[in-house]
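A.B. asks:
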Amino acid sequence: MSVQKLRLKHGWSQQQLADASGLSVRTVQRIEAGEPASTESLKSLAAVFEVDFSTLNPEPNMNNPALTITEQQEKAAFDQVRKLRGFYLHLMKYVVVNLGLLAINLIFSPHTLWFYWVMLGWGLALLSHAFRVFRPAWVLGPDWEKREVEKRLGRPL
Numbered sequence: 179m180s181v182q183k184l185r186l187k188h189g190w191s192q193q194q195l196a197d198a199s200g201l202s203v204r205t206v207q208r209i210e211a212g213e214p215a216s217t218e219s220l221k222s223l224a225a226v227f228e229v230d231f232s233t234l235n236p237e238p239n240m241n242n243p244a245l246t247i248t249e250q251q252e253k254a255a256f257d258q259v260r261k262l263r264g265f266y267l268h269l270m271k272y273v274v275v276n277l278g279l280l281a282i283n284l285i286f287s288p289h290t291l292w293f294y295w296v297m298l299g300w301g302l303a304l305l306s307h308a309f310r311v312f313r314p315a316w317v318l319g320p321d322w323e324k325r326e327v328e329k330r331l332g333r334p335l
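If you read the sequence shown in this note's numbering, its first letter stands for residue 179, the second for the next number, and so on.
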């Protein structure tokens, strides 16, 4: 079983796992990313999770052709959830900071509204971030690629 799955099953952060196992957070991150781990590190993690050392394996590398389809789908799902979390954090920061700037603008210079320039610039960056996370499949996605290849090869769609 992978280290990341066990950690999430216990509801622990990487920091909490590192503290419990006596490893550094960076070591935990490397093991979860599929980098090779020392036997001692894996034994420490196995002891924390109370599993047999032989059943514990680091997160496999996505480029490994030996990955099953299910493991690839799980990895892709984890990646998508991380992207989604990053977008939501970005959105919350955008709202909080811009509300603060609006309040500062209205208190100190109500006749000159300058906060909307920050809101506009940052809003464009947020929109770009949203497009990367929620990109519709028809916009430069796999179906679009397939249609373009078929068109270039002169095959009917």
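Backbone N, C-alpha and C define an ideal beta-carbon position, used for all residues, glycine too.
With distances taken between CB atoms, is the gap from Asn276 to Met297 smaller than 8 Å?
C.D. replies: For Asn276 and Met297, yes; Cβs fall inside 8 Å.
A.B. asks: Taking only three categories from DSSP, how would you classify Ser219?
C.D. replies: Ser219 falls in the helix class under three-state DSSP.
A.B. asks: According to the neighbour-count rule (16 or more other Cβ atoms, all chains shown, within 10 Å of its Cβ), is Phe293 buried or exposed?
C.D. replies: Phe293 is buried by the Cβ-count criterion.
A.B. asks: Give the DSSP-derived three-state secondary structure of Ser202 in the structure shown.
C.D. replies: Coil.
A.B. asks: Are Arg304 and His268 touching if we call contact CB-CB under 8 Å?
C.D. replies: For the sequence presented, residue 304 should be read as Leu rather than Arg. Yes; because the gap between Cβ atoms is below 8 Å, this pair is in contact.
A.B. asks: Rounding to the nearest angstrom, what Cα-Cα distance links Ile285 and Met270 in this structure?
C.D. replies: Whole-angstrom Cα-Cα distance: 23 Å.
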